[in-house]
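Participant: Mapping the sequence shown onto the numbering used here, position 55 (from 1) lands on 48, and the numbers just tick up by one.
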Amino acid sequence: MRFRQKQLNIMDNKLYKKAEQFVIDSFNKANKPQGIKHFLRTVYWLKELDPQADEAMQIAAVAHDIERAFRQNDVMENIEKLSYTATEILRPHEERGAEVIAEFLKKQNADDQIIAKVKMLVSRHEEGGNDEQNLIKDADSLSFLENQIDHFLTVLVKQDGKEKIRGKFDWMFNRITSEKAKQIARPWYENAIKKLD
Ligand SMILES: [Fe+2]
Ligand SMILES: [Fe+2]
């Protein structure tokens, strides 16, 4: 019976829907609702890059930045001191996020294999690694370059300066693995750099 219920959950995407709601609620509660579009568009781009992307991949895509809703002071302090892409920021961002979403899925009585896969994907969504981690990373880059540029150019550039922002734009574009994603992202990236100069 339990197994059958899990099968049904997979078929109607129920677990994904619950995870999406958890992400939306968490960011609203943290008073950071402006990130939500980025998460939903990451799922959109994941499906564009891989129409076969399974439910675990979709959950990882929507929840990849969940750490930001539960951010601790050490990461905040490092962001002020270091570049956005320093390992001291990326690793806790990736790995704490993986723990948070795994905890949530456990409470939903999700299948162990799905939990393990989501955890694996979120835990390297910035750096990539295997093909599936790379897909989440590429979808994240697309969604970032599509939607977050204005926020960086109008708000963050004032506190962080041009060089730090350029570093983030370069990194988000250069880390893309898939040729298709790179083609889609290139005009957004070039436009972002032009506007920054
Ligand atoms: Fe992230
Ligand atoms: Fe992201």
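C-beta atoms are modelled at their ideal positions from N, C-alpha and C, and glycine is treated no differently. The structure displayed is predicted, hence computed values, not measured ones.
Run through DSSP, which three-state label would Glu120 get?
Facilitator: Residue 120 sits at position 127 when you count from the first residue of the sequence shown. Residue state, collapsed to three classes: coil.
Participant: Relative to the C-alpha of Leu209, which residue among Tyr182, Lys112 and Glu119 is closest?
Facilitator: No information on residue 209 is available, as it lies outside the stretch -6 to 190 that the chain covers here.
Participant: At a cut-off of 7 Å, is Asp58 close to ligand 2 when judged by its beta-carbon and the heavy atoms of the ligand?
Facilitator: Here residue 58 is taken as the residue at index 65 of the sequence shown, counted from 1. Answer for Asp58: yes, Cβ within range of ligand 2.
Participant: Could you tell me how far apart the beta carbons of Val111 and Ala53 are, in whole angstroms, since I believe they sit closer than 8 Å?
Facilitator: For the purposes of this step, residue 111 is taken as the residue at position 118 of the sequence shown. For the purposes of this step, residue 53 is taken as the residue at position 60 of the sequence shown. With 8 Å as the limit, Val111 and Ala53 qualify as a contact, their Cβ atoms being about 5 Å apart.
Participant: Who are the near neighbours of Phe15 in its chain, counting only those whose CB is closer than 6 Å to its CB and skipping five residues on each side?
Facilitator: Position 22 of the sequence shown, counted from the first residue, corresponds to residue 15. Result list for Phe15: Phe97, in chain order.
Participant: Can you tell me where the alpha helix (DSSP H) holding Gly154 begins and where it ends?
Facilitator: By 1-based counting over the sequence shown, the position of residue 154 is 161. Taken as a continuous stretch (DSSP letters only), Gly154 belongs to no alpha helix (DSSP H), as it is neither H nor E.
Participant: Considering only C-alpha positions, which residue in the set Glu88, Leu8 and Glu60 is nearest to Lys25?
Facilitator: Along the sequence shown, one-based indexing puts residue 25 at 32. That would be Glu60, whose Cα lies nearest to the Cα of Lys25.
Participant: Suppose the cutoff is 8 Å on Cβ atoms and the five residues either side in sequence are ignored; what does the same chain contact list for Lys99 look like?
Facilitator: Translated into positions along the sequence shown, residue 99 becomes position 106. Closer than 8 Å at Cβ, skipping near neighbours: Ile108.
Participant: Which complete alpha helix (DSSP H) runs does the stretch 8 to 46 hold, if anything under 4 residues is left out?
Facilitator: With a minimum length of 4 residues, the continuous alpha helix (DSSP H) runs that stay inside the stretch 8 to 46 are 29 to 42.
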